[in-house]
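Yeah, the sequence shown ends on 338 if you go by UniProt numbering, and it's all consecutive.
Glycine included, C-beta positions come from ideal geometry on N, C-alpha and C.
None of the values given here were measured: they were computed from a predicted structure.
One structure is given below, encoded as structure tokens.
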Amino acid sequence: HAAEAHRTDLMTLTRHVLNEQSKHPESKGDFTILLSHIVLGCKFVCSAVNKAGLAKLIGLAGDTNVQGEEQKKLDVLSNEVFIKALTSSGRTCILVSEEDEEATFVDPALRGRYCVVFDPLDGSSNIDCGVSIGTIFGIYMIKDKNKVTVEDVLQPGKKMVAAGYCMYGSSCMLVLSTGRGVNGFTLDPSLGEFILTHPNIKIPKKGSIYSVNEGNAKNWDEPTARYVERCKFPQDGSSPKSLRYVGSMVADVHRTLLYGGIFLYPADKKSPNGKLRVLYEVFPMSFLMEQAGGQAFTGKGRALELVPTKIHERSPIFLGSYDDVEEIKTLYAASV
Ligand code: AHG
Ligand code: MN
Ligand code: MN
Ligand code: MN
3 HAAEAHRTDL MTLTRHVLNE QSKHPESKGD FTILLSHIVL GCKFVCSAVN
53 KAGLAKLIGL AGDTNVQGEE QKKLDVLSNE VFIKALTSSG RTCILVSEED
103 EEATFVDPAL RGRYCVVFDP LDGSSNIDCG VSIGTIFGIY MIKDKNKVTV
153 EDVLQPGKKM VAAGYCMYGS SCMLVLSTGR GVNGFTLDPS LGEFILTHPN
203 IKIPKKGSIY SVNEGNAKNW DEPTARYVER CKFPQDGSSP KSLRYVGSMV
253 ADVHRTLLYG GIFLYPADKK SPNGKLRVLY EVFPMSFLME QAGGQAFTGK
303 GRALELVPTK IHERSPIFLG SYDDVEEIKT LYAASV
């Protein structure tokens, strides 16, 4: 039977989103169009990543971004591709990228209702050695099309209408939530289409992996240090957790989502707000975690309740399986 050897009824990303949209008669297909432009950017970056070594895309671009990081050639190229794809969609009005100091206000003639915040290339330090990297995005909707200000993106993460990431790994996967669960799509390179391979992803309630840059341990605060100690020397007779840390947030969060466990980028004495950026790293990943049944915590409260005051603001983040995040919440609550 052909159908047993091959999938013949292909649920592509576009078909999936159109299905979801058809439940909302008021929708005019704008979101589907926006998403198809994001997908184009992801496919372009995927192809660039795959031939990076051949296409002389390895190495530094020669500039430093507003975060004080040296930009890689792929950071710059990916940013350009996404800015152009998003602008030309005709569905966006404000874009915030990790690689641009200021928000981009789309030309009024091309403006639409959506704001997109994104990390065009996440895991830059892993480019040159071929380890998994990704793209992260979050989508807001503006209030008033005639009065577009940066305040439209300085909104708590719970106001996002969609969030997702694309991972350029052993296969290229796009994971998306529009606020009704989380779905994973795998790029079929021969078709150039993302196919639904991981419907309705739910994170295990408890995991056996923790993921953190332990090289920062000497500067951690007390609750983080105690939590990680407990991962290694559990007090309740359970087995110690395994440590996995890629150093690309997309890859570390993707594994956490599928296998369960916890990902931490805590505050430390040198970076009191941690490293990860609220708008385009912390919020989209927290949105996905909650939609998959997990939790995301900043050390003070629910990550999605944060109200950012600057577009490149940072926050500590602890996200993953419900029970594992609950444990670190208890430690922080006890420390105040
Ligand atoms: P980016 O490459 O977009 O600047 O993000 C890097 C981030 C994130 O991907 C990862 O979780 C974290 O940096 C790793 O930081 P450390 O090297 O400090 O562990
Ligand atoms: Mn960077
Ligand atoms: Mn990043
Ligand atoms: Mn980046």
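For the putative contact between residue i and residue j, defined by C-beta atoms under 8 Å, what is the C-beta separation to the nearest angstrom?
i: MET162; j: GLY140; result: 5 Å
i: LYS45; j: LEU62; result: That belief does not hold up - the Cβ atoms of LYS45 and LEU62 are roughly 25 Å apart, past 8 Å.
i: PRO268; j: GLY301; result: 7 Å
i: GLY203; j: ALA298; result: The sequence given here has Ile at residue 203, not Gly. In fact, because the Cβ distance is near 15 Å, the residues do not count as touching under 8 Å.
i: ASN185; j: PRO201; result: 6 Å
i: GLY209; j: ASP326; result: 6 Å
i: PHE196; j: VAL41; result: 6 Å
i: GLU103; j: ASP121; result: About 15 Å separates the two Cβ atoms, so there is no contact after all.
Who are residue i's beta bridge partners in DSSP?
i: CYS117; result: ILE96, TYR142
i: ASP190; result: GLU195
i: ALA298; result: LEU321
i: MET291; result: MET291 pairs with nothing; no bridge assigned.
i: CYS174; result: TYR170
i: SER244; result: ILE211
i: VAL304; result: For clarity, residue 304 is Arg in the given sequence; the question names Val instead. Its beta-bridge partners are PHE299.
i: SER127; result: BP columns for SER127 are empty, so no partner.
i: THR14; result: ILE197
i: GLU72; result: THR66
What separation, rounded to the nearest whole angstrom, lies between the Cα atoms of residue i and residue j?
i: VAL47; j: GLU307; result: 31 Å
i: VAL284; j: SER317; result: 7 Å
i: PRO110; j: LYS149; result: 11 Å
i: VAL329; j: GLY296; result: Per the sequence shown, the amino acid found at residue 329 is Glu instead of Val. Distance between the alpha carbons of GLU329 and GLY296: 13 Å.
i: GLN157; j: THR10; result: 42 Å
i: GLY276; j: SER24; result: 41 Å
i: MET175; j: ARG113; result: 29 Å
i: ASP124; j: ILE138; result: 7 Å
i: TYR324; j: VAL78; result: 36 Å
i: ILE60; j: GLN237; result: 46 Å
i: HIS18; j: VAL230; result: 40 Å
i: LYS30; j: ASP130; result: 42 Å
i: ASN215; j: ALA165; result: 25 Å
i: PRO274; j: ALA87; result: 35 Å
i: THR106; j: GLY43; result: 17 Å
i: ASN128; j: ASP65; result: 18 Å
Classify residue i as buried or exposed, calling it buried when 16 or more other Cβ atoms lie within 10 Å of its own Cβ.
i: residue 1; result: There is no way to answer for residue 1, as the model of the chain reaches only from 3 to 338.
i: PHE235; result: exposed
i: PRO27; result: exposed
i: LEU189; result: buried
i: PRO191; result: exposed
As a quick exercise: from the options, pick the residue whose alpha carbon is nearest that of residue i.
i: ARG279; options: GLN297, ILE319, LYS271; result: ILE319
i: ARG115; options: GLU103, GLY209, ILE96; result: ILE96
i: residue 342; options: LYS243, ALA54, ASN185; result: This structure cannot speak to residue 342, because the chain is shown only from 3 to 338.
i: ILE94; options: THR34, LEU59, SER127; result: The amino acid at residue 94 is misidentified as Ile; the sequence shows Thr. The shortest Cα separation from THR94 among THR34, LEU59, SER127 belongs to THR34.
i: GLU71; options: HIS314, VAL119, LEU281, PHE187; result: HIS314
i: ILE211; options: VAL338, TYR334, THR258; result: THR258
i: LYS147; options: SER240, LYS272, CYS117, SER126; result: CYS117
i: MET143; options: PRO310, ILE135, GLU153, LEU56; result: GLU153
i: LEU76; options: VAL98, SER49, TYR247, GLN69; result: SER49
i: LYS331; options: LEU193, VAL155, LEU266; result: LEU266
i: THR180; options: VAL309, GLY303, LEU36, TRP222; result: LEU36
i: LEU321; options: MET291, LYS312, VAL68; result: MET291
When every heavy atom of ligand 6 is checked, does at least one fall within less than 7 Å of the C-beta of residue i?
i: SER126; result: As presented, the structure is devoid of ligand 6, carrying ligand 1, ligand 2, ligand 3 and ligand 4 as its sole ligands.
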